[in-house]
Amino acid sequence: MFRATSTLPIAALVLLVALTGCTPGTSLIPESAADVTARELDEVATPDWTVDASLVGDPVVADGVVLAYTKASSGSLQVEAWDAATGEPLWADSAVTGAVTVGVQASATIISDGDKHYAAYLRPGDDRDWQDLVLADLTTGTVVPLTDNRVWATSRPSACADETDICLTGWKQTAYDAGRLNYRFSTAGGEIAPDTDLVLPDSARLLGNRVYSTDSRPPEGTEMLGSSADGEILWERPYQDVFGAGTSSDGGWAWVEETTTGLLIGSGGAFEASRAEATEFTTDATQRSVVALDPETGATVWSIDGADFCDLYVDAEARADGKRTLCVFNSGTTSVVKKSDGSGYDSASTDFDVDLVGVDVATGEIDWTLPLGGDDYNGTSEDKKVTFASSSADRVILIDGESTIVNVITGDRTQPSAEAVYACNVKREPLVVLYPGLGETRPFPGGFDLQGCDEAGELSDTFSIGAVRMVGVDAGGGHLIVASPGALLGFTVED
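Add 438 to a position in the sequence shown, counting from 1, and you land on the number used in the numbering used here.
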């Protein structure tokens, strides 16, 4: 970090102090954003309110209301809402995961329609594991009347691709013979009808931003990647032609549409089908890539091997136009062993070496590179139960054994004090619930709670103002919401 300095005659210095109202000893140089972050990590933050809640996934906020999935004492899933300023409970209802991919974390969804906001979720339907699609007023929980709303959902309800109405993929009980379709409905209520904008082939799943993948797999078939708009299939390509030999959407995915270029930017990785039944396996971190595709033709514009997104959780307003931040994995392997009780996996990672890079979206050219090493990536799953947390552009990253504040948008970094209090992720136990149609339980990722911690990762019961800014969900009016172990916390932090 560079700091400008200058030398002034004594008389000029006295005049400057008088004009600015500063006193001798006060710095005349404004704090940089990095300086502010470092200072606020030393300042204690006290919550205004605390409510007991065992959260599942991430809380979301709109209209001064906090919405989140929670785990009931029986272990079943619920959706709950609270007043963001006071923590007062507003309403609650039963919820289910739906027949979605087990690896997809369940997080509550808020749908916006002008100035109105709604909670969209699935509720237990009947004893055959069908689900009822629910749309409820965010503030009151009043349910919007939906016609014929019993479904078998293979995605969770979310805003449609054209950003009007609400969509989900699956079957309607009364139209089972029509197969799996993308359905659409509005916040005004009424009929849930097939979507005439986004159409999917039989046995395909929506990956996001109009992008889908088919269920065909080698050696009998070929998984296809495609896109749909205006009721038509725009293009399809073999998935492995896009991401490389041995890749599949089963290896995870993320897709974004860049507003500055219109390009579809996606990540994908390798996946061995035998892994699903294996009790242990090894993955190679370099067997991933990020690609940019022409949205009309699916043609590859650029591709970066060994890369994945590193800025997905940064607010769009904080990101620079036409830029994305990626992590490039130069090396690294992870050995995974299935737990004997079937509740998840233990893992150990070795030889990771990672670079943080800033990428020009239009060309795929790398503007800057910051070597991160492997401090935050190597270790066992037991070690990773506690990791530094941030949903802002400023992240705490261990570089050469020292905690460093890195802005993942610019690559700038600063060194905090030894007394700094960060926020750490504390991994929750998975949500283990009956999977529709199987009669068996399956573990869904429970997400992470947040807790104050020092540079060694030792947990504390105290948050700093800087940590709250880095992890809190903005509820407006200076209110920030933090999900901590067994509790939801509300803070007020001045700008």
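Backbone N, C-alpha and C define an ideal beta-carbon position, used for all residues, glycine too.
Rounded to the nearest angstrom, what separates Y621 and E601 at their Cα positions?
Within the sequence shown, the letter at position 183 stands for residue 621. Within the sequence shown, the letter at position 163 stands for residue 601. In a straight line, the C-alpha of Y621 is about 14 Å away from that of E601.
Going by DSSP, which residues form a beta bridge with P562?
Mapped onto the sequence shown, residue 562 falls at position 124. Looking at the DSSP assignment, P562 forms a beta bridge with Q569.
According to DSSP, what are the bridge partners of N863?
Mapped onto the sequence shown, residue 863 falls at position 425. Note: N863 sits in a beta bridge opposite T825 and L888.
Measure the C-alpha to C-alpha separation of E695 and P733 and round it to an integer number of angstroms.
Locating residue 695 in the sequence shown gives position 257, where the first residue counts as 1. Locating residue 733 in the sequence shown gives position 295, where the first residue counts as 1. When rounded, the distance between both Cα atoms is 9 Å.
Through-space distance from N863 to A856, alpha-carbon basis
What you label residue 856 is simply residue 418 of the sequence shown in a count that begins at 1. What you label residue 863 is simply residue 425 of the sequence shown in a count that begins at 1. If I take the Cα positions, the gap works out to 20 Å.
Cβ-heavy atom distance, R675 to the ligand PLP, below 7 Å
Annotation note on the ligand PLP: not contained in the displayed structure, which lists no ligands.
Extent of the continuous alpha helix (DSSP H) to which D679 belongs
The residue labelled residue 679 in the question sits at position 241 within the sequence shown. Unbroken alpha helix (DSSP H) run through D679: Y677 to F681.
Cβ-Cβ distance between T930 and D486 below 8 Å:
Looking up residue 930 in the sequence shown gives position 492. Looking up residue 486 in the sequence shown gives position 48. Against a cut-off of 8 Å, the Cβ pair of D486 and T930 comes out as a contact.
In the DSSP output, which residue or residues are listed as bridge partners for G664?
One-based indexing of the sequence shown puts residue 664 at position 226. Its beta-bridge partners are Y650 and E674.
Just list the residues that DSSP pairs Q516 with in beta bridges.
In the sequence shown, the residue the question calls residue 516 occupies position 78. Q516 is bridged to T508 and S532.
Can you give the Cα-Cα distance for T879 and D749, rounded to whole angstroms?
As a first step, residue 879 is located in the sequence shown; it is residue number 441 there, counting from the start. As a first step, residue 749 is located in the sequence shown; it is residue number 311 there, counting from the start. Approximately 33 Å between the Cα atoms of the pair.
For V846 and V752, believed in contact at Cβ under 8 Å, the rounded distance:
In the sequence shown, residue 752 corresponds to position 314, counting from 1. In the sequence shown, residue 846 corresponds to position 408, counting from 1. Confirmed, about 7 Å.
Leaving aside the five residues before and after T475 along the sequence, list all residues of the same chain whose C-beta is less than 6 Å from its C-beta, in chain order.
Counting from one through the sequence shown, the residue named residue 475 turns up at place 37. These residues qualify, in order along the chain: D832, I843 and G904.
Below 8 Å CB to CB, which residues in the same chain sit around G700 once its five sequence neighbours on both sides are set aside?
By 1-based counting over the sequence shown, the position of residue 700 is 262. So the list reads P733, once near-sequence residues are dropped.
Determine the contact status of W529 and P874, defining contact as a CB-CB distance below 8 Å.
Walking along the sequence shown from the start, residue 529 turns up at place 91. Walking along the sequence shown from the start, residue 874 turns up at place 436. Against a cut-off of 8 Å, the Cβ pair of P874 and W529 comes out as no contact.
Using the Cβ count rule (16 or more neighbours within 10 Å means buried), how would you classify Y614?
Sequence index remark: in the sequence shown, residue 614 carries index 176 (1-based). The residue is exposed, with fewer than 16 neighbouring Cβ atoms inside 10 Å.
Within the chosen definition, does the region 718-728 reach the region 740-748 through at least 3 CB pairs nearer than 8 Å?
yes
Okay, do the region 884-897 and the region 800-809 touch, 3+ Cβ pairs below 8 Å being the bar?
no
So, is G463 buried or exposed, given that buried needs 16 or more other C-beta atoms within 10 angstroms?
In the sequence shown, residue 463 corresponds to position 25, counting from 1. Its pLDDT being 37, under 50, G463 is placed unreliably in this model, and the value from its coordinates should be taken loosely. By the neighbour-count rule (16 or more Cβ atoms within 10 Å), G463 is not buried but exposed.
Express the C-alpha separation of D575 and C605 in angstroms, rounding to a whole number.
Working through the sequence shown from its first residue, we reach residue 605 at position 167. Working through the sequence shown from its first residue, we reach residue 575 at position 137. Approximately 17 Å, taken between the alpha carbons.
Using a beta-carbon distance below 8 Å, is S665 in contact with chain D?
In the displayed structure, chain D is absent; only one protein chain is listed.
Is there contact between the region 579-587 and the region 626-642, where contact requires at least three CB pairs shorter than 8 Å?
yes
Look at the alpha carbon of P676 and the alpha carbon of T660, and state the distance between them as a whole number of angstroms.
Position 238 of the sequence shown, counted from the first residue, corresponds to residue 676. Position 222 of the sequence shown, counted from the first residue, corresponds to residue 660. Computed Cα separation, rounded: 7 Å.
To the nearest angstrom, how far is it from the Cα of G770 to the Cα of L702?
Here residue 770 refers to the residue found at position 332 of the sequence shown. Here residue 702 refers to the residue found at position 264 of the sequence shown. One C-alpha to the other measures close to 27 Å.
Taking the CB atoms as reference points, tell me whether V534 and R561 lie closer together than 8 Å.
Residue 534 sits at position 96 when you count from the first residue of the sequence shown. Residue 561 sits at position 123 when you count from the first residue of the sequence shown. Yes.
Under a three-way DSSP split, which group does Y422 fall into?
There is simply no residue 422 to check, as the chain begins at 439 and stops at 933 in what is shown.
Starting from the Cα of A921, find the closest Cα among A708, A667 and G525 and give me that residue.
Reading the sequence shown from its first residue, position 483 is the one you call residue 921. Considering only alpha carbons, the answer is G525.
Going by CA-CA distance only, name the one from A925, L927 and V871 that's closest to Q543.
Translated into the one-based positions of the sequence shown, residue 543 becomes position 105. The residue with the shortest Cα to Cα distance from Q543 is V871.
Compute the Euclidean distance between the alpha carbons of M908 and T738, then round it to the nearest angstrom.
One-based indexing of the sequence shown puts residue 908 at position 470. One-based indexing of the sequence shown puts residue 738 at position 300. Distance between the alpha carbons of M908 and T738 is about 35 Å.
Can you say whether T612 is buried or exposed, counting buried as having 16 or more other CB atoms within 10 angstroms of its CB?
By one-based count along the sequence shown, residue 612 stands at place 174. With fewer than 16 other Cβ atoms within 10 Å, it is exposed.
Taking DSSP as the reference, what is the three-state secondary structure of D798?
For this step, residue 798 is matched to residue 360 along the sequence shown. The answer is strand: DSSP assigns D798 an E or B state.
How about S651 and R643: are their beta carbons less than 8 Å apart?
As a working mapping, residue 651 is identified with position 213 in the sequence shown. As a working mapping, residue 643 is identified with position 205 in the sequence shown. Taking 8 Å as the Cβ cut-off, S651 and R643 qualify as a contacting pair.
Considering only the beta carbon of each residue, do D480 and A858 sit closer than 8 Å?
Here residue 480 refers to the residue found at position 42 of the sequence shown. Here residue 858 refers to the residue found at position 420 of the sequence shown. A contact, by the Cβ cut-off of 8 Å.
With H, G and I counted as helix, E and B as strand and the rest as coil, what does DSSP make of R588?
Locating residue 588 in the sequence shown gives position 150, where the first residue counts as 1. In this structure, R588 counts as strand in the three-state DSSP scheme.
Taking V766 as the reference, give the member of W740, S741 and V795 with the closest Cα.
Locating residue 766 in the sequence shown gives position 328, where the first residue counts as 1. For the residues W740, S741 and V795, the minimum Cα distance to V766 belongs to V795.
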